[in-house]
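According to the numbering used here, the sequence shown is numbered sequentially starting from 7.
The beta carbon of each residue, even a glycine, is placed where N, CA and C say it ideally should be.
The block underneath contains the structure these notes are about, expressed in structure tokens.
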Amino acid sequence: MNMKLIDCTNHNLQTFGVVCGHLKTNGKNLGFNEEEVEDQRKPDAWCNDCHERWQFMNQSEIEREQWEEICDFKVVCGVCYEKIKEENQTVNNFDVEVLPVEKIENQLSRQEYSTMAAEYFPVWVPDLYVEMISTLDTQVISIESKLLNVEEALKINLYREKTDEWIFATSTGEDYWTFDREQNIIYYERLGDVFVTKKMNIHFDQWLQLCFVLQKLDRIQEKYLVTIALQKALQQSFSIINPVLADHFKNII
């Protein structure tokens with residue numbers, strides 16, 4: 007595929023990128039937020055002021071057009087783009103930190119349940135899981151994860167024909183999560199009339215950390231445009247939990 011080139015006054019024929027007018031004309035240390043484009047040119051980029059302005063909009067198609075007008079995007083050659091990036095790039099502190107399991111447990115909503123229900127769980131179900139949900143209420147942790155309380159977990163599992171797995175969480179749709187006998191977690195995704203299984207190769211403590219990272223991502227995406235910096239921060243968090251997750255969720259945003 008041939009790359010489109012532009013003729014730069016200073017750098018001759020070059021690939022190109024698009025930056026907001028503030029980045030092109032207003033100096034240094036303005037922040038540099040990139041959003042991938044589908045072709046092979048440089049990502050679109052804008053300063054922190056433009057980024058913050060977007061957060062306070064309702065983010066409709068009309069407001070997107072208004073925002074782009076305010077940004078006053080300009081085409082620059084690839085060499086100029088990299089120089090602008092170097093002069094303006096600052097650290098983007100997206101809160102996708104991986105929480106310790108103990109801190110996660112303290113953030114979950116509690117209820118009064120008798121631990122005697124634990125006798126109904128298979129012996130191969132993780133101890134951490136049994137101990138935790140004995141005192142927890144059912145709650146949505148992120149869009150794709152609703153941790154079931156004791157009553158709901160027992161109700162959904164005790165009369166299942168499949169006895170070598172245990173459903174411990176569902177999603178806001180029809181998808182669900184199970185443990186197998188080796189305590190590995192399997193994700194069942196509903197696609198049309200069938201469920202597609204995905205063995206995650208993680209355990210319950212890592213699943214909790216994953217869900218809380220996804221919870222933070224849900225909140226970030228409510229107000230931020232998806233940027234390369236956010237994608238990198240998210241992949242780094244997945245890798246900290248378990249490197250396999252970076253591959254499982256490489257296209258999540």
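query: Taking the alpha-carbon positions, what's the Lys109 to Ser115 distance?
result: To locate residue 109, count along the sequence shown from 1; it is residue 103. To locate residue 115, count along the sequence shown from 1; it is residue 109. Looking at the two C-alpha atoms, the distance is approximately 12 Å.
Three-way DSSP call (helix, strand, coil) for Met122 in this model: Translated into positions along the sequence shown, residue 122 becomes position 116. Per-residue confidence for Met122 stands at a pLDDT of 47, beneath the threshold of 50, marking its modelled position as unreliable; the derived number appears in the next sentence. Helix at Met122.
query: For Met96, which residues from the same chain have a beta carbon less than 6 Å from its beta carbon, with the 5 sequence-adjacent residues on both sides left out?
result: Within the sequence shown, the letter at position 90 stands for residue 96. According to the sequence shown, residue 96 is Thr rather than Met. The beta carbon of Thr96 is closer than 6 Å to those of Gly37 in its chain, skipping five residues each way along the sequence.
Residue span of the beta strand (DSSP E) that contains Leu197, given as start and end: As a first step, residue 197 must be located in the sequence shown, where it is residue number 191. Here the beta strand (DSSP E) through Leu197 covers Ile191 to Leu197.
- request: Could you tell me which residues DSSP pairs with Ile173 in its beta bridges?
  value: Position 167 of the sequence shown, counted from the start, is the residue given in the question as residue 173. The partner list for Ile173 (beta bridge, DSSP) reads Thr184.
- prompt: Taking the alpha carbon of Ala252 as the point to measure from, which residue in Leu220, Thr233, Glu180 and Ile226 has its own alpha carbon closest?
  reply: Along the sequence shown, one-based indexing puts residue 252 at 246. Comparing Cα positions, the closest option is Leu220.
message: Quick check: the Cα distance between Val107 and Arg47, rounded to an integer number of angstroms?
response: Against the sequence shown, residue 107 aligns to sequence position 101. Against the sequence shown, residue 47 aligns to sequence position 41. Using only the alpha carbons, I get a separation of about 42 Å.
- request: Counting only runs of 4+ residues fully inside the region 7-95, write out the alpha helix (DSSP H) ranges in chain order.
  value: Within the region 7-95, the complete alpha helix (DSSP H) runs of at least 4 residues fall at 27-31, 54-61, 67-77 and 84-94.
message: Using the three-state DSSP reduction, which class does Val219 fall into: helix, strand or coil?
response: Against the sequence shown, residue 219 aligns to sequence position 213. Three-state result, Val219: helix.
- prompt: Based on the DSSP output, what are the partners of Arg116 in its beta bridges?
  reply: Stepping through the sequence shown from its first residue, residue 116 is reached at position 110. Secondary-structure assignment with DSSP links Arg116 through a beta bridge to Leu142.
- request: Have a look at Ile191 and Glu167 and give me their C-alpha separation to the nearest angstrom.
  value: Within the sequence shown, the letter at position 185 stands for residue 191. Within the sequence shown, the letter at position 161 stands for residue 167. Roughly 19 Å separates the two Cα atoms.
message: Based on DSSP bridge pairs, tell me the residues matched to Ser148.
response: Within the sequence shown, the letter at position 142 stands for residue 148. When beta bridges are read from the DSSP output, Ser148 appears opposite Ser151.
- request: Tell me, to the nearest whole angstrom, how far the beta carbon of Asn32 is from that of Ala51; I am working on the premise that it is less than 8 Å.
  value: Here residue 32 refers to the residue found at position 26 of the sequence shown. Here residue 51 refers to the residue found at position 45 of the sequence shown. At roughly 14 Å, the Cβ-Cβ gap does not stay under 8 Å, so Asn32 and Ala51 are not in contact.
field: Residues near Gly179 by beta carbon distance below 7 Å, same chain, minus five either side
entry: By one-based count along the sequence shown, residue 179 stands at place 173. So the qualifying residues of the chain are Arg196.
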